[in-house]
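Chemist:
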Amino acid sequence: MIPTPITSHLSAADFETVYEPAEDTFILLDALEQDAELLKGSRVCLEIGSGSGCVSAFLGAICGSSSALYLTTDLNPHACRCTLLTSTRNSVPLNPILTDLTSALLPRLTHQVDILVFNPPYVETEDEEVVEAQKEDGKRIEKSWAGGAGGMRVTNRLLEQVDTLLSDRGLFYLVAVPENKPLAIIADMQARGLEGEVVLKRRAGREHLHVLRFSRPGRTAPP
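As structure tokens, this is what we get:
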């Protein structure tokens, strides 16, 4: 069993503006751990919305701290700082980038990403709440969970980029809840040429969490 990354260096004040690891984080870690053999040998790992940096630090424990390039993005400068602290605390060389989704990374990462991970803001809210939360002042914790109509406003933007990002062996992991219509997401991605499935489900309080995994048909394994 791979230990959960250390985040005790982050304070209550940090978690006023940065998402604290919770059940949706932990189901994602479990999905990655059960796929550990598939993930080994990955060279470029990219987490969108890294928050505390917990998930990417966990990927580093799976793939090896010196075996891959670990990139993370977040719109929140406080999250980038926390990710960097978590990188140091867990001896994993994470590279946090302050940007909206992948804006600073394309086209350079076209078909280069072996592991793409996104635990998005998936809670159904008014679209106006998303617009306010996503403003670049870095002070609104709502940006970590406010998802707009169907909880999909931010997720849909990334889904348009997944085919461009994934390498031939790439795997994309996405956290979703029933309100996001996971089967519809899978059908949409199949229409874009990617295979998808639900690899893990778990009920956590009122939420019924899903982890979806996508890849190219005939995904190639690492050498």
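Heads up, the numbering used here is the position in the sequence shown plus 884, with the first residue counted as 1.
Just so it is clear, CB atoms sit at the ideal spot from N, CA and C, and this is done for glycine as well.
DSSP three-state label for isoleucine 874, please.
Modeler: The shown model of the chain, from 885 to 1107, leaves out residue 874, and the question about it has no answer.
Chemist: State yes or no: is the C-beta of threonine 986 within less than 7 Å of the C-beta of arginine 1053?
Modeler: Against the sequence shown, residue 986 aligns to sequence position 102. Against the sequence shown, residue 1053 aligns to sequence position 169. Not in contact: threonine 986 and arginine 1053 (Cβ atoms no closer than 7 Å).
Chemist: Locate the alpha helix (DSSP H) running through proline 1066, then write down its first and last residues.
Modeler: Against the sequence shown, residue 1066 aligns to sequence position 182. First-last of the alpha helix (DSSP H) with proline 1066: 1066-1075.
Chemist: Count the CB pairs spanning the stretch 952-967 and the stretch 975-982 that are closer than 8 Å, and state whether there are at least three.
Modeler: Yes: the two stretches touch, three or more of their Cβ pairs being nearer than 8 Å.
Chemist: Mark histidine 893 as exposed unless 16 or more other C-beta atoms lie within 10 angstroms of its C-beta, in which case mark it buried.
Modeler: Within the sequence shown, the letter at position 9 stands for residue 893. When all chains shown are included, histidine 893 counts as exposed.
Chemist: Output yes or no for whether 7 Å exceeds the beta carbon distance between asparagine 1064 and glycine 1035.
Modeler: The residue given as residue 1064 occupies position 180 in the sequence shown. The residue given as residue 1035 occupies position 151 in the sequence shown. Yes; because the gap between Cβ atoms is below 7 Å, this pair is in contact.
Chemist: Measure the alpha-carbon distance for leucine 913 versus serine 971 and round it to whole angstroms.
Modeler: To locate residue 913, count along the sequence shown from 1; it is residue 29. To locate residue 971, count along the sequence shown from 1; it is residue 87. Approximately 16 Å between the Cα atoms of the pair.
Chemist: Decide if the stretch 990-998 is in contact with the stretch 914-932; the criterion is three or more beta carbon pairs, one per stretch, under 8 Å apart.
Modeler: Enough Cβ pairs lie closer than 8 Å, so yes.
Chemist: Measuring CB to CB, does leucine 1084 end up less than 7 Å from alanine 896?
Modeler: As a first step, residue 1084 must be located in the sequence shown, where it is residue number 200. As a first step, residue 896 must be located in the sequence shown, where it is residue number 12. It is not a contact, given that the beta carbons lie outside the stated cut-off.
Chemist: Using C-beta distances below 6 Å, list every residue in its chain close to aspartate 898, excluding the 5 sequence neighbours before and after it, in chain order.
Modeler: Numbered from its first residue, the sequence shown carries residue 898 at position 14. So the list reads Cys966, once near-sequence residues are dropped.
Chemist: Ignore the nearest five residues each way along the sequence and tell me which others in threonine 909's own chain have a CB closer than 7 Å to its CB.
Modeler: Locating residue 909 in the sequence shown gives position 25, where the first residue counts as 1. These residues qualify, in order along the chain: Cys938, Val939 and Asn1003.
Chemist: What's the C-alpha gap between leucine 848 and histidine 1092?
Modeler: What is shown of the chain runs 885 to 1107, which leaves residue 848 out entirely.
Chemist: Which residues in the same chain as valine 976 place their Cβ atom closer than 6 Å to its Cβ, once the five residues preceding and following it in sequence are excluded?
Modeler: Translated into the one-based positions of the sequence shown, residue 976 becomes position 92. Counting only Cβ-Cβ distances below 6 Å, and skipping sequence neighbours, we find Ala941, Gly944 and Ser949.
Chemist: Rounded to the nearest angstrom, what separates threonine 888 and alanine 906 at their Cα positions?
Modeler: Here residue 888 is taken as the residue at index 4 of the sequence shown, counted from 1. Here residue 906 is taken as the residue at index 22 of the sequence shown, counted from 1. Distance between the alpha carbons of threonine 888 and alanine 906 is about 12 Å.
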